[in-house]
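In this note's numbering, the protein residues as written are -4 to 573. For reference, the structure is listed below as C-alpha cells.
And the structure:
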C-alpha cells in the first residue's frame, strides 16, 4: 500500500518537531511588549521556539502584532496608529541570541561600543512629534535598525515578497543551497581588487584633461612646500623658541633680578643663609641636640645654590643675537602662511604636498603608469574569471537540484502540475555577484510558458511559492524568525493543512509565527494564541492569550465556521493528526 502525501507530511512534521527541541537556533524572539498601538493598550507576549499560530476574528487586532514587528524591523512609523487619547506608543522586542557574530560585526561597522550577548533588546518609542529607536538602551538610527532586522526576522504577507522577487536575493539563495560560501567570498575579493584597479586606470586615463595652468599650480604647490623643508614635529619647539625670543628683554631683566636676590654679596639669600649656617654650627658646639632641629637648613642652602646656577645658565641661553631672532620670526611666518594656504596644521600642509606630487607623477608619467595598470588589470581579470568559473560551476550544478526541490514542495502545496526552473543568464561583464544573473521561473499551469516570479500577479500563488522556496532552503536560511501573515489565504482545506505542516517543519530550524484564518494551519502549531477584541469601561481593546485543551478546541470550532458535534469532532481530529 502506497504512502499518502498526508501520511508522509505528518511523518516529516513529527521529525521536524522532535528536531526543533534539540537543534540550536541562532536567535529567538522571547518577548514582545506593545503599549498604546492601535487597539492594544498593554500587551506582553512571551514566546517559545517552533511553530506558533495566532488566530482571531477579523478586526480583532492580529494585524497589530505584524505592525509591531515591522516597527521593530525599522519600518517608518505611522503616527496615526498611536492609541486614541495617548501621547506615545512603545514597542519592545527581546531576542535571545545563541550566535551573534554577524550582529556584533554590524555594531562595529556603525561604531557602537557594545556587543550583543545573550539578550538583544530593541525598543521603538513613537510620539506625535518624534520617533526614537534603541538597541540595548543605546539610541540608534532607523537605517541600522532596518539592517539589524534583516538578520533577525523574515516577514511574509500578501505584500511582503520583495526579497523573493529580487534577482540578487534569488542568486544568494542559490549560492546558499549550493554551499558556495567559499567560492562567493573568493570571487567577491577578486572582483573588488579588479574594480579598484579599473577605477585607478580610468582616473589616470582622464588625467590628461588637466590644463597647463593647473599643472603649473601643482608644481608650484609641491615646490613651495618642499622648499620649506617642514618637519612634522617642529612646530611646538619652534613656537616655544619664538615666544622666548620675543620676550627676551623682559626675561633677561627678571632673571637678573632673581639672581640679585639670590647672590648679592650683602643682601642675597644665599649669602644670608651662609651666615645663618655658620651661626648654627657655633650653636651645635655648645648643644649638639640642636643639630636635628636645623637639619633642613643645609638642604635649603644647597637647593638655592642649584637654583642660582640654573638661572645663571638660563641667562646665558637668553642671549639671542638679532640675526637668530629674525630667522625665528621668518620661520614662524612661513609656517603660518603655509597653514593658511593648505590647512590648519603642518600635517595638512604635508598631505597637500603629497597629493600634489602624486597627481603630478600621474600626469607626467601617465603613459608608463597606464601600461603598468593595464597589465595588472589583465592579471586580475584572469584571476577574476577563474574565480567566477568556479562559482558558476557550483551554480550550474545546484540550480536544477534546487529547482527540483522547490517543484516538489510546490506539488505538496497544491500546484500539482506546476513547473519551476532556475535560469542563469551570462553577463557581458562580471558583476559584483558573479558572471551571471538568475531568474526563478514559475508556471502554475501546464502548457503555459514559465515567467519570472516578479511577473506572477496572484498574491496567493506567490505566497505559496515563497513557502516552497523557504521549505527547500530550510537548512541554508540563516534568518532565525519567520513570520507568515495570512499567506494561506485563498487555498483549500487540504492545501491549508499542507501549508501548516510546511511551516511546522520549518519550525525545526527556525522560530515560526503563523497568523492565520485556517484551522488546518493553526492545529499544526506547537503553541496557539488567540487575539480577541473586548470593550472595557467604554473603550475597545485587543488582548492576546494562549489556548490549549478545550479552549483550543473551542477556537478551532469557531474557525471551522460552526458549532455542534461534527465541528468539534473535526477540530479534535485536526489536533490528533498532528
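Glycine included, C-beta positions come from ideal geometry on N, C-alpha and C.
Residue closest to residue i, alpha-carbon to alpha-carbon, out of the options
i: residue 347; options: 560, 565, 68 and 221; result: 221
i: residue 30; options: 536, 474 and 459; result: 536
i: residue 235; options: 548, 137, 324 and 497; result: 324
i: residue 129; options: 97, 146 and 87; result: 87
i: residue 66; options: 120, 92, 22 and 52; result: 120
i: residue 201; options: 435, 342, 359 and 182; result: 359
i: residue 232; options: 327, 422 and 395; result: 327
i: residue 587; options: 350, 538 and 384; result: Because the chain here runs from -4 to 573, residue 587 falls outside it and cannot be looked at.
i: residue 403; options: 115, 72, 117 and 437; result: 437
i: residue 38; options: 547, 527 and 561; result: 527
i: residue 76; options: 70, 69 and 84; result: 84
i: residue 405; options: 491, 256, 335 and 56; result: 491
i: residue 413; options: 459, 161 and 373; result: 459
i: residue 381; options: 133, 186 and 467; result: 186
i: residue 547; options: 93, 524 and 531; result: 524
i: residue 379; options: 44, 133, 193 and 494; result: 193
i: residue 81; options: 106, 124 and 89; result: 124
i: residue 396; options: 415, 408, 431 and 383; result: 415
i: residue 267; options: 502, 388 and 300; result: 300
i: residue 195; options: 354, 209, 262 and 28; result: 354
i: residue 475; options: 27, 45, 450 and 331; result: 45
Residue i classed as buried or exposed, judged by whether at least 16 other C-beta atoms fall within 10 angstroms
i: residue 156; result: Summary for residue 156: the model assigns pLDDT 49, below 50, so the residue's position carries little reliability; its value from the coordinates is reported in the next sentence. Residue 156 should be labelled buried.
i: residue 428; result: buried
i: residue 534; result: exposed
i: residue 337; result: buried
i: residue 559; result: exposed
i: residue 60; result: buried
i: residue 285; result: exposed
i: residue 550; result: buried
i: residue 17; result: Only weak support is given to the placement of residue 17: the predicted model assigns it a pLDDT of 47, under 50, and the value that follows is read from those uncertain coordinates. Counting Cβ neighbours within 10 Å, residue 17 comes out exposed, since fewer than 16 surround it.
i: residue 392; result: exposed
i: residue 288; result: exposed
i: residue 569; result: buried
i: residue -4; result: With a pLDDT of only 37 at residue -4, under the threshold of 50, the placement of this residue in the model should not be trusted, and no figure is reported.
i: residue 433; result: buried
i: residue 33; result: buried
i: residue 566; result: buried
i: residue 22; result: buried
i: residue 278; result: exposed
i: residue 441; result: exposed
i: residue 575; result: Since the first and last residues shown for the chain are -4 and 573, residue 575 lies out of range.
i: residue 466; result: buried
i: residue 62; result: buried
i: residue 532; result: exposed
i: residue 57; result: buried
i: residue 514; result: buried
i: residue 291; result: exposed
Range covered by the beta strand (DSSP E) that runs through residue i
i: residue 538; result: 534 to 542
i: residue 198; result: Not the beta strand (DSSP E): residue 198 falls in the alpha helix (DSSP H), residues 176 to 200.
i: residue 31; result: 22 to 32
i: residue 151; result: 148 to 151
i: residue 38; result: 35 to 41
i: residue 162; result: Where residue 162 is concerned, there is no enclosing beta strand (DSSP E), although the alpha helix (DSSP H) it sits in stretches over 162 to 173.
Extent of the continuous alpha helix (DSSP H) to which residue i belongs
i: residue 559; result: 559 to 571
i: residue 67; result: 57 to 67
For residue i: DSSP bridge partner residues
i: residue 229; result: Its beta-bridge partners do not exist; DSSP assigns none.
i: residue 49; result: 510 and 524
i: residue 553; result: In the DSSP output, where bridge partners are listed per residue, residue 553 has none listed.
i: residue 126; result: 121
i: residue 258; result: None, per the DSSP bridge assignment.
i: residue 133; result: 130
**Message:** Quick check on the DSSP output: what are the complete alpha helix (DSSP H) runs of length 4 or more inside the region 338 to 389, in order along the chain?
**Reply:** 341 to 359
**Whole alpha helix (DSSP H) elements within the region 265 to 318, 4-residue minimum** = 285 to 288 and 290 to 312
**Prompt:** In the region 456 to 539, which residue ranges form an unbroken beta strand (DSSP E) of at least 3 residues, counting only runs that do not cross its ends?
**Reply:** 476 to 480, 506 to 510 and 522 to 531
**Residue ranges of each beta strand (DSSP E) within the region 409 to 449, 3 or longer** = 414 to 426 and 429 to 438
**Asked** Which runs of the alpha helix (DSSP H) spanning at least 4 residues fall entirely within the region 73 to 117, listed in chain order?
**Response** 96 to 104
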